[in-house]
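Everything on this sheet refers to the single structure shown next.
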Amino acid sequence: MNIDKIKNKLQNYNQEHVLKWWEQLSDIQRKELLQDIESIDFKLMKKLVNQYMERKETLILFDSIKSPEIIKIPRTKDEILHQREARKIGEQCIRDGKVACFVVAGGQGTRLGFDGPKGAYPIGPISANSIFQFHAEKILKAQQKYNVQLMWYIMMSKPLHEQTISFFEHNKYFGMHKDQVRFFSQRMLPAIDKDGRFLMSSKYEISKSPDGHGGALFALRDSGAIDEMVKKGIEYISYFQIDNLIVNVLDPVFIGYHVKASAQMSNKVTSKIAPSEKVGAVVIMDRRYAVIEYSDLPEEHMSDKDKDGSLKFNAGSIAIHMLNTGFVKTLTEKVVKLPYHIAEKNISYVNDSGGHVSPKDKNGIKFETFIFDALKFAKNVTNMEVIREDEFSPIKSLTGIDSVESGRQLYINRCARWLMKAGVDIPFDENGNAKIKIEISPLFANSADDLQHKDLSSIDTTKNIYLA
Ligand code: UTP
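Numbering (the working numbering), first residue to last: 847 to 1314.
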């Protein structure tokens, strides 16, 4: 396309400011800018700009919402038997090579403020091993256990693509084979200002951000990953988020329940700590499964109850899912549209005089789709309750709630509980936190059961414990 045509197009979409510095740009910069412009889906962006400019409050009919059916943490004999049966089914699927791990790591991690992919963050309380290494070792441990080679699909966003691959190369894939790991990037969308104009991150770059974890569906399709899975006989995808340090990346029980119910998508849930807890809730809305975000749940409805007296919004979603390969394939072939959610953020930009601005207030709008919005297209859905402290420690920022600090402590406490179960007497403080630092490499043990047959007699509980 020649420059006049591009100018015209930009004018038609009210984005002509993008070429404001054209005359000052070098040839290379011009080329980059043109490529950037050509990669944009202008029709989609027009729709999103309109969605933002004409935004209305989401109308949710709270009275018609019901709480979902949940497979509870087993307590009765029958429940324990069901769980055992699910585990057997799940283990067989893993052994048969029908399950792949899939992590979404495409977020910008702005709250963490780490210079690099979030997965490269040195999280190990003693080893300073990265989050990527922890997950890789969990997969390697599962491989030993089930005697199978597992695939690991990693979605990231373009700006961190090269850096992520170099990180894996540098660390020799943490012991995995290179061909077991697939990297691919998700789509990026322009960020806009409050007048609907694309923000510029430099005089020749349009500010873009990844299109949310829902973008995973299309990235799986566009990268060819989903077709590869089908070819390899992979039927189930174990989905998790990079920043959940203690996630069970391949849970046979969860897989088993999902398969047994012929579900297309499944969720792990935990009981909310309080009705006001800032976590999305899995619900049934218009006879379909959905997640209500906490920001869409007004205070007056937080404690709503079902007819049987149970809390409607109690099934906290912890962003761990099973997805059927066939389901993802069909969804993406039909070009099913996930809704775009609007997020107002502080986004650095170049102003009209060419100066760089790092705003203190929210000046920009990002558009994101969410993976859980695919639930409403799923024929069957299972929801499995888990113990939060055993499976969920999201790392969003450096300190405070859901942070490096709290995530590490949750991890240490889980190691402590595993060791206690194996007969090691760990000292705890009055807040229930282990008094010493503990780290157990997933290669050494990836569950309390894995520790049962280890010789732990030489552990000195007056010092930090590192088992690798
Ligand atoms: P978050 O919503 O916590 O976003 O992502 P984030 O980018 O990691 O952090 P902030 O909000 O900028 O501080 C939850 C999970 O979804 C992934 C993230 O990598 C994380 O694993 N994600 C998020 C994507 O893969 N792509 C996206 O576009 C957004």
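Glycine included, each C-beta is placed from N, C-alpha and C at the ideal position.
Relative to the non-hydrogen atoms of the ligand UTP, the Cβ of leucine 871 never comes closer than 7 Å to any of them. The straight-line gap separating the alpha-carbon atoms of serine 885 and serine 1069 is approximately 16 Å.
Leaving aside the five residues that flank isoleucine 1088 on each side, the residues in its chain whose CB is nearer than 7 Å to its CB run, in chain order, Val949, Val950, Ala951, Lys964, Gly965 and Ile977. Sequence-distant partners of asparagine 1292 (beyond 5 residues in either direction) whose C-beta falls short of 7 Å from its own C-beta, in its chain, are Lys984 and Lys987. A distance of 8 Å or more separates the beta carbons of phenylalanine 1029 and histidine 1059. The stretch 1045-1053 makes no contact with the stretch 892-905: fewer than 3 CB pairs, one atom from each, lie closer than 8 Å.
As DSSP reads the structure, methionine 1230 sits in a beta bridge with Ile917 and Lys1114. The C-alpha of proline 920 is placed about 45 Å away from the C-alpha of tyrosine 898. Secondary structure note for isoleucine 1258: its alpha helix (DSSP H) is the uninterrupted segment 1250-1267. In the structure shown, arginine 1043 falls within a coil segment according to DSSP collapsed to helix, strand and coil. Cβ contact annotation for histidine 863 (same chain, cutoff 7 Å, sequence separation greater than five): Arg1043, in chain order. Taking C-beta separations shorter than 8 Å and ignoring five residues to either side along the sequence, the partners of leucine 871 in its chain run Leu879, Lys1049 and Tyr1050, following chain order. Contact check between the stretch 1157-1176 and the stretch 1254-1270: fewer than three CB pairs, one atom from each, fall below 8 Å, which does not count as touching. Distances from the CB of glycine 953 to the heavy atoms of the ligand UTP include at least one below 7 Å. Here the alpha carbons of leucine 1297 and alanine 1314 stand approximately 12 Å from one another. The beta carbons of lysine 1309 and isoleucine 1282 sit about 7 Å from each other, so the pair counts as a contact at 8 Å.
Look at arginine 901 here: in three-state DSSP terms it is coil, with no helix or strand label. Per DSSP, lysine 1175 is one residue of the alpha helix (DSSP H) stretching across 1171-1179. Excluding residues up to 5 positions away in sequence, Ile972 and Glu1285 lie with their Cβ nearer than 6 Å to the Cβ of tyrosine 1312 in the same chain.
Runs of the beta strand (DSSP E) lying entirely within the stretch 1196-1223, each at least 3 residues long, are 1210-1214 in chain order.
With a beta-carbon spacing of about 4 Å, threonine 1116 and arginine 1234 fall inside the 8 Å limit used to define contacts. In the three-state DSSP reduction, lysine 964 falls in the helix class (H, G or I). Only residues of its own chain outside the window of five on either side were considered, and among them Leu1302, Ile1305 and Thr1307 have a CB closer than 7 Å to the CB of valine 1270, listed in chain order. About 5 Å separates the CB atoms of glutamate 1231 and lysine 918; that is less than 8 Å, so the two are in contact.
When only Cα atoms are considered, isoleucine 852 and lysine 912 end up about 50 Å apart. Taking 8 Å as the cut-off, the Cβ atoms of asparagine 1170 and glutamine 1110 count as close.
Given a length threshold of 4 residues, each whole run of the alpha helix (DSSP H) inside the stretch 952-1014 is given here in chain order: 977-992. Just so you know, the alpha carbons of proline 1121 and aspartate 1236 end up roughly 21 Å apart. In the DSSP assignment, leucine 1289 falls outside any beta strand (DSSP E), carrying neither H nor E. With contacts defined by Cβ atoms closer than 8 Å, valine 1105 and serine 1163 do not form a contacting pair. Remark: C-beta atoms of cysteine 1261 and leucine 1096 do not approach each other more closely than 8 Å. Excluding sequence positions up to five before and after lysine 944, its CB lies within less than 7 Å of the CB of Gly1079, Ile1080, Glu1081 and Tyr1082, all in the same chain and listed in chain order.
Residue environment analysis places arginine 1033 among the buried positions, since at least 16 neighbouring C-beta atoms fall within 10 angstroms of its C-beta. In the structure shown, the three-state DSSP call for glutamate 1081 is coil.
Per DSSP, the unbroken alpha helix (DSSP H) holding tyrosine 1103 starts and ends at 1098-1106.
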